[in-house]
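S.K.:
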Amino acid sequence: MSKDTPPTEFPRVLKACESVDRSQWALADAVLAEIGPPNRSRGHDGTLKTIELMSVWLAERGYEYTPSSLYSLRAVAFMFPKKERRVDMPFSCYRYLRSVKLMGEFMEQRAEGSRPTVSEVRGWRAKRDGTDEPPSPTKATPAVQFSQATEEATQAAKRALAIMQAHKGEVGDVEKLTNPVLHAWLRVRTKAGVKSTNGVREGVSS
74 MSKDTPPTEF
84 PRVLKACESV
94 DRSQWALADA
104 VLAEIGPPNR
114 SRGHDGTLKT
124 IELMSVWLAE
134 RGYEYTPSSL
144 YSLRAVAFMF
154 PKKERRVDMP
164 FSCYRYLRSV
174 KLMGEFMEQR
184 AEGSRPTVSE
194 VRGWRAKRDG
204 TDEPPSPTKA
214 TPAVQFSQAT
224 EEATQAAKRA
234 LAIMQAHKGE
244 VGDVEKLTNP
254 VLHAWLRVRT
264 KAGVKSTNGV
274 REGVSS
């Protein structure tokens, strides 16, 4: 798909969110499958716009994931292919290890028999790197910034969804939907070509 025409629906990610166990690996793999692997463009290939749209699209369906968290999930899934994942290590640990090489180093130096913890990984990384502070989890690099408008749009989508659910799909309280943030959300979605959610646009006055 061309970078100028990002997808407007993300069925694989939604399926992962709707699963009973809500596996972080399943969600991370779904985000990676929908968007594709990272590259040297640092998001300038349209990836960031797609992740922002995904965040809003999920919020409209009742699942709260910020663009930054989706970016992080995708990075972990890419850095740790399925064949490199361990059943005895929590997903959160991988966010601090950041590479298969570091995971190998970490497992070699620890005693077997216990399940690794995030605090253990953080402490090991701080000692290994010779720093007082443990590393931050895998996330968007400083050069990768998501727009404030999209974060606000995500929150507005959640509020709109709650109102729709309260009225069983029929927006009856128009006043609650005529706020600046929701209007900003609608503008972001319209500009990006996202289809309207049934019942929302009809209930918003311009």
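When we follow our numbering, the leftmost residue of the sequence shown carries the number 74, and every step to the right adds one.
Ideal Cβ placement from N, Cα and C applies to all residues, glycine included.
Helix, strand or coil: which one does DSSP assign to S92?
M.R.: Of the three classes helix, strand and coil, the one that applies to S92 here is coil, per DSSP.
S.K.: Going by the beta-carbon positions, is the gap between P189 and M162 smaller than 9 Å?
M.R.: A contact, by the Cβ cut-off of 9 Å.
S.K.: Using the rule of at least 16 other Cβ atoms within 10 Å of the residue's Cβ for burial, across every protein chain shown, is T204 buried or exposed?
M.R.: T204 should be labelled exposed.
S.K.: Check T81 in the structure and name its three-state DSSP category.
M.R.: DSSP places T81 in coil when its eight states are reduced to three.
S.K.: Mind checking whether the beta-carbon of M152 lies closer than 8 Å to any heavy atom of the ligand ATP?
M.R.: Ligands in the displayed structure: none, and consequently the ligand ATP is not present.
S.K.: Using three-state DSSP, classify V160 as helix, strand or coil.
M.R.: Here V160 sits in coil by DSSP.
S.K.: Whole angstroms are fine: how far does the CA of R168 sit from the CA of E193?
M.R.: Distance between the alpha carbons of E193 and R168 is about 13 Å.
S.K.: Excluding the 5 residues preceding and the 5 following I124 in the sequence, name in chain order all residues of the same chain whose CB lies nearer than 6 Å to its CB.
M.R.: P140, L143 and Y144.
S.K.: Identify whether T120 lies in helix, strand or coil by the three-state DSSP scheme.
M.R.: Helix.
S.K.: With DSSP collapsed to three states, give me the class of E185.
M.R.: Three-state DSSP puts E185 in coil, outside helix and strand.
S.K.: Determine the direct distance from the alpha carbon of A184 to that of I108, and round the result to whole angstroms.
M.R.: I108 and A184: Cα-Cα distance of roughly 38 Å.
S.K.: Contact defined as beta carbons within less than 8 Å: I believe V191 pairs with S165. What is the distance between those atoms, to the nearest angstrom?
M.R.: That pair is a contact at about 5 Å.
S.K.: If A101 and R147 are in contact, beta carbons under 8 Å, what's the gap, nearest whole angstrom?
M.R.: Sure, about 7 Å apart at Cβ, within 8 Å.
S.K.: Does the distance from the C-beta atom of W130 to that of F179 stay below 9 Å?
M.R.: No, they are not a contact pair.
S.K.: Please state whether DSSP places E168 in a helix, a strand or coil.
M.R.: In the sequence under discussion, the amino acid at residue 168 is Arg, which differs from the Glu named in the question. In the structure shown, R168 sits in a helix (DSSP, three-state: H, G or I).
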